[in-house]
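Chemist: Those protein sequence lines, which keep their order, are chains G and V.
Residue numbers are given in this note's numbering: position 291 of the first sequence equals residue 477, and the series is strictly consecutive.
Residue numbers are given in this note's numbering: position 210 of the second sequence equals residue 396, and the series is strictly consecutive.
Here a beta-carbon is modelled for each residue, glycine too, at the ideal position from N, C-alpha and C.
As the structure is a computational prediction, the values presented were derived from the model and not from experiment.
There's a structure below that I have some questions on.
Protein chains: 2
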Amino acid sequence: MVYETLNKVGEKYALLIDSYISDILRGEPEDLYKAAMHLIKAGGKRLRPMITLASSRALGGASSEAKAVYYAAAVEILHNFSLVHDDIMDNDDFRRGIPTVHKVYGVNLAILAGDLMFSYAFLTPYLAIKAGADNNEITKAVEVIGEGSRKIAEGQGYDIMFEKTWDVDEKDYLKMIYLKTGALIEASSKLGGIASNSDDEIVELLGEFGRFVGLAFQIRDDILGVFGDPAKTGKPIFNDLKRGKKTILVLYASKRKEEWKKFFIKLFSGNQSDENIKEAVDIIKESGSLNYAEELAKNYYNNAIDKLDSIEKNGIVKDEESFKSLRELAEFSINRDK
Amino acid sequence: MVYETLNKVGEKYALLIDSYISDILRGEPEDLYKAAMHLIKAGGKRLRPMITLASSRALGGASSEAKAVYYAAAVEILHNFSLVHDDIMDNDDFRRGIPTVHKVYGVNLAILAGDLMFSYAFLTPYLAIKAGADNNEITKAVEVIGEGSRKIAEGQGYDIMFEKTWDVDEKDYLKMIYLKTGALIEASSKLGGIASNSDDEIVELLGEFGRFVGLAFQIRDDILGVFGDPAKTGKPIFNDLKRGKKTILVLYASKRKEEWKKFFIKLFSGNQSDENIKEAVDIIKESGSLNYAEELAKNYYNNAIDKLDSIEKNGIVKDEESFKSLRELAEFSINRDK
Numbered sequence: 187m188v189y190e191t192l193n194k195v196g197e198k199y200a201l202l203i204d205s206y207i208s209d210i211l212r213g214e215p216e217d218l219y220k221a222a223m224h225l226i227k228a229g230g231k232r233l234r235p236m237i238t239l240a241s242s243r244a245l246g247g248a249s250s251e252a253k254a255v256y257y258a259a260a261v262e263i264l265h266n267f268s269l270v271h272d273d274i275m276d277n278d279d280f281r282r283g284i285p286t287v288h289k290v291y292g293v294n295l296a297i298l299a300g301d302l303m304f305s306y307a308f309l310t311p312y313l314a315i316k317a318g319a320d321n322n323e324i325t326k327a328v329e330v331i332g333e334g335s336r337k338i339a340e341g342q343g344y345d346i347m348f349e350k351t352w353d354v355d356e357k358d359y360l361k362m363i364y365l366k367t368g369a370l371i372e373a374s375s376k377l378g379g380i381a382s383n384s385d386d387e388i389v390e391l392l393g394e395f396g397r398f399v400g401l402a403f404q405i406r407d408d409i410l411g412v413f414g415d416p417a418k419t420g421k422p423i424f425n426d427l428k429r430g431k432k433t434i435l436v437l438y439a440s441k442r443k444e445e446w447k448k449f450f451i452k453l454f455s456g457n458q459s460d461e462n463i464k465e466a467v468d469i470i471k472e473s474g475s476l477n478y479a480e481e482l483a484k485n486y487y488n489n490a491i492d493k494l495d496s497i498e499k500n501g502i503v504k505d506e507e508s509f510k511s512l513r514e515l516a517e518f519s520i521n522r523d524k
Numbered sequence: 187m188v189y190e191t192l193n194k195v196g197e198k199y200a201l202l203i204d205s206y207i208s209d210i211l212r213g214e215p216e217d218l219y220k221a222a223m224h225l226i227k228a229g230g231k232r233l234r235p236m237i238t239l240a241s242s243r244a245l246g247g248a249s250s251e252a253k254a255v256y257y258a259a260a261v262e263i264l265h266n267f268s269l270v271h272d273d274i275m276d277n278d279d280f281r282r283g284i285p286t287v288h289k290v291y292g293v294n295l296a297i298l299a300g301d302l303m304f305s306y307a308f309l310t311p312y313l314a315i316k317a318g319a320d321n322n323e324i325t326k327a328v329e330v331i332g333e334g335s336r337k338i339a340e341g342q343g344y345d346i347m348f349e350k351t352w353d354v355d356e357k358d359y360l361k362m363i364y365l366k367t368g369a370l371i372e373a374s375s376k377l378g379g380i381a382s383n384s385d386d387e388i389v390e391l392l393g394e395f396g397r398f399v400g401l402a403f404q405i406r407d408d409i410l411g412v413f414g415d416p417a418k419t420g421k422p423i424f425n426d427l428k429r430g431k432k433t434i435l436v437l438y439a440s441k442r443k444e445e446w447k448k449f450f451i452k453l454f455s456g457n458q459s460d461e462n463i464k465e466a467v468d469i470i471k472e473s474g475s476l477n478y479a480e481e482l483a484k485n486y487y488n489n490a491i492d493k494l495d496s497i498e499k500n501g502i503v504k505d506e507e508s509f510k511s512l513r514e515l516a517e518f519s520i521n522r523d524k
């Protein structure tokens with residue numbers, strides 16, 4: 187898969203966003219700010235800010251980018267905050283190929299660094315005032331970030347709870363991944379719409395685009411958790427299986443055959459030898475779970491593309507290249523191996 | 187000490203704020219929201235929302251209260267968020283006389299409940315729109331909350347760092363307690379000014395009032411940490427001494443006599459027998475630390491009152507009773523035993 191436009195636009199945006207965040211997340215005490223920048227400095231896909239910047243430029247042209255960059259930075263800071271706290275909760279040692287924040291700085295400073303980043307996620311949109319945003323726009327942007335952050339916490343709550351119960355079906359799973367992952371990508375695309383001064387209806391369409399991309403992205407994430415290459419994902423493999431996560435891969439197989447469900451119940455209750463993990467992977471393939479998950483992600487991808495088509499029909503696209511990069515971002519979300 | 191006006195106004199405000207927060211902090215998953223409400227339900231002084239409500243009513247009359255109650259709720263939610271995360275970091279078992287959130291719900295859900303509360307601190311001010319606030323006012327209110335939350339994290343960062351170093355003087359201590367405690371009380375009084383549509387200059391004066399109250403309040407807190415009655419404070423005693431906190435009580439004594447400093451260095455490096463704690467208490471009294479801290483708090487109280495006097499001179503006080511309760515709140519902050 188070659189993402190010609192995305193690669194071109196993406197690299198530019200990643201550099202832009204990194205330089206803005208480095209300027210914004212500065213202060214004292216030094217150790218706390220270092221801890222807050224630790225994960226951000228390690229890179230990452232920058233998917234969310236790219237969506238904000240590409241949506242904004244696609245519909246608002248180059249002039250809206252000066253505002254959008256602050257919303258994009260806010261979203262990326264919020265995303266990184268959630269990763270820092272997640273890694274503490276999951277006791278993960280590695281992320282993006284480097285030791286996690288709490289491994290380097292200790293749990294207390296990591297909790298606090300997350301909280302600091304959280305506050306910056308709300309303060310950063312205000313910087314768009316100097317790029318011409320008015321208070322109406324700031325109010326909208328901050329509310330979108332607030333809703334996103336609330337949903338992340340709720341989604342994480344479900345995620346933790348689902349580890350301890352088998353009373354979870356596909357609908358529950360989809361709700362959980364929407365809250366945990368989809369909502370912030372939805373926020374990212376909405377913020378691009380807000381920066382471009384688009385009509386509410388267009389902002390909503392962009393939001394739906396982001397929601398579908400987010401769902402596809404998380405399903406792909408769950409697939410990579412079992413079939414990915416740690417050298418590319420930067421994360422250890424089989425963590426979800428070891429933690430009893432009720433991903434779609436596990437839920438689908440467990441619904442298809444009682445025997446498979448029994449196997450996963452046993453696996454999740456503690457017997458996690460290499461052979462057992464291997465058997466789990468075999469079941470996920472044999473049951474059709476992998477295919478099913480890929481189809482599901484594909485469906486969401488198609489829905490995302492439909493939303494872009496609806497936006498295009500309005501004849502409001504100002505920058506074709508940025509708009510095309512949104513299509514490629516959606517495609518990336520279901521095909522990515524990192 | 188009898189706080190006639192404060193008792194009357196305060197009880198009304200505490201009930202009001204509790205009922206609003208109970209209505210706002212609702213949602214799913216149930217366990218997460220229960221964890222978020224755990225500490226709030228246990229009561230608390232509600233000092234911060236009282237300051238917001240009293241400032242607002244004092245200068246804006248009864249009509250501004252409908253908006254102010256949302257800002258007051260936001261501040262109280264933010265305050266409780268910071269306590270939930272603090273208790274995890276300090277591994278405290280009790281707060282407000284009940285087991286802390288992480289003791290009841292586990293560390294993971296407590297981190298998450300804190301994050302959820304954090305997001306609500308930013309979403310709650312938006313509810314003031316239905317009480318007549320416009321986007322300019324919301325923008326101001328949310329920014330004040332954002333600045334407050336950033337400072338809390340920075341202050342906590344210093345607090346943690348100071349446990350591990352003796353390179354801390356009174357100036358460092360005062361900066362730390364301003365960030366950790368003063369800033370949110372400053373935000374509380376500013377928000378009252380914003381709700382009452384006061385001029386920027388008055389909002390600033392209110393902020394300074396809050397800042398001084400906050401400094402006095404935290405110094406009193408440090409005194410109660412050594413001389414308080416756990417049955418009244420709801421917190422275990424001597425925690426600060428056991429944790430090596432460089433409170434003003436310790437800093438002042440350590441500066442006065444090398445011998446006392448050596449004692450505290452030894453105490454903080456691990457030898458915390460009952461006799462040693464008792465000796466620490468004796469040193470704090472003998473060194474004049476207790477007197478000094480009380481005088482310092484008194485000074486801040488006087489500064490706070492000066493700010494109220496300046497406001498009063500403008501002839502803008504609309505509700506004398508609420509204004510008087512602000513004076514009593516300042517007095518409470520230096521005389522309280524809970």
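(1) From this set, G:514, G:306, G:297, G:197, which residue's C-alpha is nearest residue 208 (chain G)'s C-alpha?
(2) In whole angstroms, give me the CA-to-CA distance for residue 267 (chain G) and residue 245 (chain G).
(3) Considering residue 235 (chain V), what are the terminal residues of the alpha helix (DSSP H) in which it resides?
(4) For residue 284 (chain V), which three-state DSSP category applies?
(5) Taking only the alpha-carbon atoms, compute the straight-line gap between residue 194 (chain G) and residue 509 (chain G) and give it to the nearest angstrom.
(6) Mind listing which residues of the stretch 324-358 of chain V have their C-beta closer than 9 Å to chain G's C-betas, in chain order?
(7) Ignore the nearest five residues each way along the sequence and tell me which others in residue 513 (chain G)'s own chain have a CB closer than 7 Å to its CB.
(8) Less than 9 Å between CB atoms is the rule here; does residue 317 (chain G) satisfy it with respect to chain V?
(9) Roughly how many whole angstroms lie between the Cα atoms of residue 249 (chain V) and residue 255 (chain V)?
(10) Counting only the same chain and skipping the five closest in sequence on each side, list residues whose C-beta sits under 6 Å from that of residue 420 (chain V).
(11) Would you decide whether residue 336 (chain V) is buried or exposed? Buried here means 16 or more other CB atoms lie within 10 Å of its CB.
(12) If you count every other CB in all the chains shown that lies within 10 Å of the CB of residue 456 (chain G), and 16 or more means buried, which is it?
(13) Can you check whether the CB of residue 233 (chain G) is closer than 9 Å to the CB of residue 403 (chain G)?
(14) Have a look at residue 353 (chain V) and residue 465 (chain V) and give me their C-alpha separation to the nearest angstrom.
(15) Output yes or no for whether 9 Å exceeds the beta carbon distance between residue 388 (chain V) and residue 210 (chain V).
(16) Using CA coordinates, which residue listed in G:433, G:448, G:258 is at the minimum distance from residue 328 (chain G)?
(17) Given a threshold of 16 other Cβ atoms within 10 Å of its Cβ, counted over all protein chains shown, does residue 311 (chain G) qualify as buried or as exposed?
(18) Indicate whether at least one CB of chain V lies closer than 9 Å to the CB of residue 312 (chain G).
(19) Measure the alpha-carbon distance for residue 398 (chain V) versus residue 487 (chain V) and round it to whole angstroms.
(20) If we ignore side chains and look at the alpha-carbon of each, how far apart do residue 454 (chain G) and residue 286 (chain G) end up?
(21) Looking only at its chain, what residues have a beta carbon closer than 7 Å to the beta carbon of residue 430 (chain G), apart from the 5 residues adjacent to it on each side?
(22) Helix, strand or coil for residue 412 (chain G) per DSSP?
(23) Could you check whether residue 339 (chain G) and residue 264 (chain V) sit closer than 9 Å to each other, using their CB atoms as the reference points?
(24) Cα separation between residue 260 (chain V) and residue 198 (chain V)?
(25) Using beta-carbon positions only, say whether residue 511 (chain V) and residue 206 (chain V) come within less than 9 Å of one another.
(26) What residues in the stretch 217-230 of chain V bring their beta carbon closer than 8 Å to a beta carbon of chain G?
(27) Excluding the 5 residues flanking residue 424 (chain G) on each side, which residues of the same chain have their C-beta closer than 6 Å to its C-beta?
(28) Quick one: measure Cβ to Cβ for residue 322 (chain G) and residue 521 (chain V), integer angstroms, because I've assumed they're closer than 8 Å.
(29) Who are the Cβ neighbours of residue 297 (chain V) in its own chain at under 6 Å, not counting the five residues just before and after it?
(30) Indicate whether residue 224 (chain G) and residue 293 (chain G) have their beta-carbon atoms separated by less than 9 Å.
(31) Compile a chain-ordered list of the residues in the stretch 279-305 of chain G whose CB is closer than 7 Å to at least one CB of chain V.
(32) Mapping DSSP to helix, strand and coil, what is residue 371 (chain V)?
(33) Give, in chain order, every residue of the stretch 367-387 of chain G whose Cβ lies closer than 8 Å to some Cβ of chain V.
(34) Quick one: give me the first and last residue of the alpha helix (DSSP H) that residue 446 (chain V) is part of.
(35) Are the C-beta of residue 210 (chain G) and some C-beta of chain V separated by less than 9 Å?
(36) Using a beta-carbon distance below 9 Å, is residue 214 (chain G) in contact with chain V?
Modeler: Taking the coordinates as given:
(1) G:306
(2) 29 Å
(3) 233-246
(4) strand
(5) 13 Å
(6) 324, 325, 326, 328, 329, 331, 332, 333, 334, 335, 336, 337, 338, 339, 340, 342, 343, 344, 346, 347
(7) 491, 494
(8) no
(9) 11 Å
(10) 282, 283
(11) buried
(12) exposed
(13) yes
(14) 23 Å
(15) no
(16) G:258
(17) buried
(18) yes
(19) 6 Å
(20) 25 Å
(21) 349, 454
(22) helix
(23) no
(24) 18 Å
(25) no
(26) 217, 218
(27) 463
(28) Contact flag wrong, Cβ pair sits at about 45 Å.
(29) none
(30) no
(31) 294, 295, 297, 298, 301, 302, 304, 305
(32) helix
(33) none
(34) 444-454
(35) no
(36) yes
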